[in-house]
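Number of protein chains: 2
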Amino acid sequence: MEKEFSQLKPGYRLLLGPGPVDTSPRVLRAMSANVLGHLDHQFLEIMNETMDLLRKVFQTKNKLTLPMSGTGSAGMEAVMVNLIEPGDRAIVCVNGVFGQRMRDIAERCGAHVYSVEVPFGQPIDPDHVKEVAEKAGKIKLISVVHAETSTGVLQPLPELSEIAKQYDALFVVDAVTSLAGIDLKVDDWGIDACYSGTQKALSCPPGLSPVTFSSRAAEAIAKRKSKVRSWYLDLSMIGDYWGKERVYHHTAPINMIYGLREALQIVLEEGLEERFARHKLNSEAFIRGIEAMGLNMIAPEGYRTPTLNAVRIPEGVEDIGVRNYLLDKYGIEIGGGLGDFKGKAWRVGLMGESSRKNNVILLLAALADSMEQQGHKVDVGASIQAAFDVYNS
Amino acid sequence: MEKEFSQLKPGYRLLLGPGPVDTSPRVLRAMSANVLGHLDHQFLEIMNETMDLLRKVFQTKNKLTLPMSGTGSAGMEAVMVNLIEPGDRAIVCVNGVFGQRMRDIAERCGAHVYSVEVPFGQPIDPDHVKEVAEKAGKIKLISVVHAETSTGVLQPLPELSEIAKQYDALFVVDAVTSLAGIDLKVDDWGIDACYSGTQKALSCPPGLSPVTFSSRAAEAIAKRKSKVRSWYLDLSMIGDYWGKERVYHHTAPINMIYGLREALQIVLEEGLEERFARHKLNSEAFIRGIEAMGLNMIAPEGYRTPTLNAVRIPEGVEDIGVRNYLLDKYGIEIGGGLGDFKGKAWRVGLMGESSRKNNVILLLAALADSMEQQGHKVDVGASIQAAFDVYNS
Numbered sequence: 007m008e009k010e011f012s013q014l015k016p017g018y019r020l021l022l023g024p025g026p027v028d029t030s031p032r033v034l035r036a037m038s039a040n041v042l043g044h045l046d047h048q049f050l051e052i053m054n055e056t057m058d059l060l061r062k063v064f065q066t067k068n069k070l071t072l073p074m075s076g077t078g079s080a081g082m083e084a085v086m087v088n089l090i091e092p093g094d095r096a097i098v099c100v101n102g103v104f105g106q107r108m109r110d111i112a113e114r115c116g117a118h119v120y121s122v123e124v125p126f127g128q129p130i131d132p133d134h135v136k137e138v139a140e141k142a143g144k145i146k147l148i149s150v151v152h153a154e155t156s157t158g159v160l161q162p163l164p165e166l167s168e169i170a171k172q173y174d175a176l177f178v179v180d181a182v183t184s185l186a187g188i189d190l191k192v193d194d195w196g197i198d199a200c201y202s203g204t205q206k207a208l209s210c211p212p213g214l215s216p217v218t219f220s221s222r223a224a225e226a227i228a229k230r231k232s233k234v235r236s237w238y239l240d241l242s243m244i245g246d247y248w249g250k251e252r253v254y255h256h257t258a259p260i261n262m263i264y265g266l267r268e269a270l271q272i273v274l275e276e277g278l279e280e281r282f283a284r285h286k287l288n289s290e291a292f293i294r295g296i297e298a299m300g301l302n303m304i305a306p307e308g309y310r311t312p313t314l315n316a317v318r319i320p321e322g323v324e325d326i327g328v329r330n331y332l333l334d335k336y337g338i339e340i341g342g343g344l345g346d347f348k349g350k351a352w353r354v355g356l357m358g359e360s361s362r363k364n365n366v367i368l369l370l371a372a373l374a375d376s377m378e379q380q381g382h383k384v385d386v387g388a389s390i391q392a393a394f395d396v397y398n399s
Numbered sequence: 007m008e009k010e011f012s013q014l015k016p017g018y019r020l021l022l023g024p025g026p027v028d029t030s031p032r033v034l035r036a037m038s039a040n041v042l043g044h045l046d047h048q049f050l051e052i053m054n055e056t057m058d059l060l061r062k063v064f065q066t067k068n069k070l071t072l073p074m075s076g077t078g079s080a081g082m083e084a085v086m087v088n089l090i091e092p093g094d095r096a097i098v099c100v101n102g103v104f105g106q107r108m109r110d111i112a113e114r115c116g117a118h119v120y121s122v123e124v125p126f127g128q129p130i131d132p133d134h135v136k137e138v139a140e141k142a143g144k145i146k147l148i149s150v151v152h153a154e155t156s157t158g159v160l161q162p163l164p165e166l167s168e169i170a171k172q173y174d175a176l177f178v179v180d181a182v183t184s185l186a187g188i189d190l191k192v193d194d195w196g197i198d199a200c201y202s203g204t205q206k207a208l209s210c211p212p213g214l215s216p217v218t219f220s221s222r223a224a225e226a227i228a229k230r231k232s233k234v235r236s237w238y239l240d241l242s243m244i245g246d247y248w249g250k251e252r253v254y255h256h257t258a259p260i261n262m263i264y265g266l267r268e269a270l271q272i273v274l275e276e277g278l279e280e281r282f283a284r285h286k287l288n289s290e291a292f293i294r295g296i297e298a299m300g301l302n303m304i305a306p307e308g309y310r311t312p313t314l315n316a317v318r319i320p321e322g323v324e325d326i327g328v329r330n331y332l333l334d335k336y337g338i339e340i341g342g343g344l345g346d347f348k349g350k351a352w353r354v355g356l357m358g359e360s361s362r363k364n365n366v367i368l369l370l371a372a373l374a375d376s377m378e379q380q381g382h383k384v385d386v387g388a389s390i391q392a393a394f395d396v397y398n399s
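Line by line, the protein sequences give chains S and G. When you line the first sequence up against the numbering used here, it's residues 7 to 399, in that order. When you line the second sequence up against the numbering used here, it's residues 7 to 399, in that order.
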């Protein structure tokens, strides 16, 4: 070899960005179990368990509930490419980068897309969706992002679901940054198709995208007149591998599925309600601490997802300088802004293993230190005291 | 939880099927390193190293050489969906299940496909491809499977590459079951686009698909008139993440890339020539042993890939019975036949960590035992002696 590569030894990091977030060593241990064949009965049992666990976390009885062999965006594409046939009409709600991505993908699938668009950082107004639906004619689906990873906006879902039902459209939800961190009742809220990613509140390394489809959505796939444009993501075939038939489609990413199974167990051992409460508490403490140092959140109150906390960068503070300082001096990763918020926001992920009191306190202190390096002095004592007040109330 | 799940503890397996195959504990150890952010400079360096290592194993200088975030079939789809625009003409060589899959995917991408088809188990005749190319008019690409995982047929490539050049078509090669097990000279053989999987001769768990594109192929992507139909696999964007620009596309499967980097190092520490020779020797010994017990190979001599050894099941022996016996009594997994060979062939993978003298000797013995259970007595001594003769000559 011309160049010698050393052993892989990534340095210390505290992952408080938009994902990946910290992973339990239990998940890494599960991932390093010996590989099984993808048709081995031992592995088929692991698949069944993983589907059962996923149904519990998605709060659904949907049969078609499984992890797609790709990251969250593969799940987004899987939902769109399976549900949309060229020429179908789709309403896509856009209030951030991931809404834009949904629209892009829906268009590539051949959909005629009606956007319901509001500025980045704002929630979608259901009345607006209704207006568009009224004019659009027969719609195949209405899609929305539950927790916008680019802005931290949390979108209430039940009312939008009602509208979808009213217009006989499938209701599609991006739950990448919400699943296992915020309440998400797939069945009770009438969600027809939903996808997520493993590297957010599930606290597993990136690589899989859990998806779930209602029987209505599964029927829409079964009734397609044209082949799904993607072979790799074609659920009419993938469903046969994960279903009773066990027909080989592609070789499943065995060890990633080991990891997901373990991560899901950890979620359910904690309990969904307890987990949602923990995410809410830590986010609340962080927000109070941020506000006490005179900074503001991007998302309006009442529409903030506790998993992804987007902070407006104050005047006179330079984005990259702060993030590099956090990384160099504290080993802490937070995210920068995306799209309209590039250079204007920090995105703090408090998800899964990363959603901890210790991390909140430390990050408030580290942020204060980082800004002080740029001459922007904030009251670190007041900030941390505000966080204490949340924890001790 | 209604049901208690136990710790994940897959039982012993010796993976001698079509993949996944055995993985070095070094790879599993690398995969369990702490997760890094996908834009962390530490991870960007790991990406650079992985690309460098991949280029060496692909024997190419191609800039656009990277692992796609999906299994081998995602690589197949990535190549087709990026190179083909609706209406393009493509010649697809079909002599097994993976050739059929290529054709299916090319059609879903909107290609007008000309098949060059021969019975399963036979190699493609270059003259046949030339005839079709002569009649087809302007062709975008000619694609072929290097080592057909469904039949074990090894396809010589240089002559087909010549034909592609002659008709100004891109030459596309499926190297899923050949990369790192058989010689594959991407540059010297004029291959324009090539994809593989991690779970074959690279001996890594499944989950990634290494791909490489020549500058000609990259130019064809850059010159597209229409958007790539798949957002997830769109190389015009993915190339910007793996390239100098480092633009976020999707969250890379961090820990799988750790594993691939380690697996590639192991390949290069052994040396490509030494590795190819090892695969050849073990396959040769296995084949002599199989023939000495009166069984036959599917692929004709001179066209056999040493990575995947497909054996014709003798009259009176029942496929599933033998495979279940191997699994239950020896913990050995081999593959069954696919497509035309369902129930008629066993597929023995001798790839990567699984390609070992010990495994060859053991499997010959275990196969003899399994068949004897069904009353099909073979000369196990002669079989093992024939293998010895290969190793000791």
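Backbone N, C-alpha and C define an ideal beta-carbon position, used for all residues, glycine too.
Check, Outcome
"Per-residue contacts from E339 (chain G) into chain S (C-beta, under 7 Å)", "G43 and D46"
"Chain-order list of residues whose beta-carbon lies under 6 Å from that of A181 (chain S) (same chain, five-residue window excluded)", "H152, L190, C200 and S202"
"Nearest residue (CA-CA) to Y238 (chain G), options S:T313, S:R294, S:G196 and S:M86", "S:M86"
"Pick from S:S360, S:I145, S:V217 and S:G349 that is closest to K2 (chain S), judged by C-alpha positions", "What is shown of chain S runs 7 to 399, which leaves residue 2 (chain S) out entirely."
"Three-state secondary structure assigned by DSSP to E83 (chain S)", "helix"
"Closest residue to V63 (chain S) among S:A269, S:P320, S:S289 and S:A298 (Cα-Cα distance)", "S:A269"
"Ranges of the alpha helix (DSSP H) found wholly within the segment 79-157 of chain G, counting only runs of at least 4", "103-114 and 132-142"
"Selection from G:H255, G:D334, G:F49 and G:E251 that minimises the alpha carbon distance to I4 (chain G)", "Because chain G spans 7 through 399 in this model, residue 4 (chain G) falls outside it and cannot be assessed."
"Any C-beta of chain G under 7 Å from that of Q205 (chain S)", "yes"
"For Y282 (chain G), the first and last residue of its enclosing alpha helix (DSSP H)", "For the record, residue 282 (chain G) in the displayed sequence is Phe; it is not Tyr. F282 (chain G) -> alpha helix (DSSP H) spans L278 to A298."
"Min CB distance E324 (chain G) to chain S below 7 Å", "no"
"Chain G within 7 Å of R362 (chain S), Cβ atoms only", "no"
"Alpha carbon of F394 (chain G) to alpha carbon of N54 (chain S), nearest angstrom", "43 Å"
"Selection of the segment 232-256 of chain G by Cβ proximity to chain S, strictly under 9 Å", "K233, V234, R235, S236, W237, Y238, L239, D240, Y254, H255 and H256"
"Where N330 (chain G) falls: helix, strand or coil (DSSP)", "helix"
"Nearest-angstrom Cα separation, counted from M262 (chain G) out to L344 (chain G)", "28 Å"
"Contact check, L314 (chain G) vs T183 (chain G), beta carbons under 7 Å", "yes"
"Buried versus exposed call for I326 (chain S) [16 or more other C-beta atoms within 10 Å across all chains shown]", "exposed"
"Near-chain S residues of the segment 47-73 of chain G (beta-carbon distance less than 9 Å), N- to C-terminal order", "H47, Q48, F49, I52, E55, D58, L59 and K62"
"Boundaries (first-last residue) of the beta strand (DSSP E) holding M74 (chain S)", "L70 to M74"
"Neighbour flag for N40 (chain S) against chain G, beta carbons, 7 Å", "yes"
"DSSP three-state assignment for E307 (chain S), whether helix, strand or coil", "coil"
"Sequence-distant residues of its chain with Cβ nearer than 7 Å to D193 (chain S) (five each side left out)", "Q65, T66 and K67"
"Same chain, Cβ closer than 8 Å to E290 (chain G), five either side skipped, listed in chain order", "P312 and V396"
"Residue-level contact to chain G via CB, Y336 (chain S), 7 Å cutoff", "no"
"Residues bridged to S215 (chain G) [DSSP beta-bridge criterion]", "G:M74"
"M7 (chain S) - DSSP class collapsed to helix/strand/coil", "Low local confidence applies: a pLDDT of 46 at M7 (chain S) is under 50, so the model's placement there is unreliable, with the coordinate-based value given in what follows. M7 (chain S) falls in the coil class under three-state DSSP."
"Three-way DSSP call (helix, strand, coil) for L356 (chain G) in this model", "coil"
"Residue-level contact to chain S via CB, M7 (chain G), 7 Å cutoff", "Legend: pLDDT at M7 (chain G) = 46, less than 50; position of this residue unreliable, no value from coordinates given."
"CB contact flag (L369 (chain S), L22 (chain S), <7 Å)", "yes"
"Residues bridged to R318 (chain S) (per DSSP)", "S:N302 and S:A351"
"Beta strand (DSSP E) segment containing L160 (chain S), residue limits", "Counting along the chain, L160 (chain S) falls outside any beta strand (DSSP E), and DSSP gives it neither H nor E."
"Whole-angstrom C-beta distance between S209 (chain G) and D28 (chain G), which should lie under 8 Å", "7 Å"
"Cα-Cα separation between I272 (chain S) and R281 (chain S), rounded to whole angstroms", "10 Å"
"Distance between A388 (chain G) and H382 (chain G) (C-alpha atoms, nearest Å)", "15 Å"
"Contact set between E83 (chain G) and chain S, taken where Cβ atoms lie within less than 9 Å", "S236, W237, Y238 and L239"
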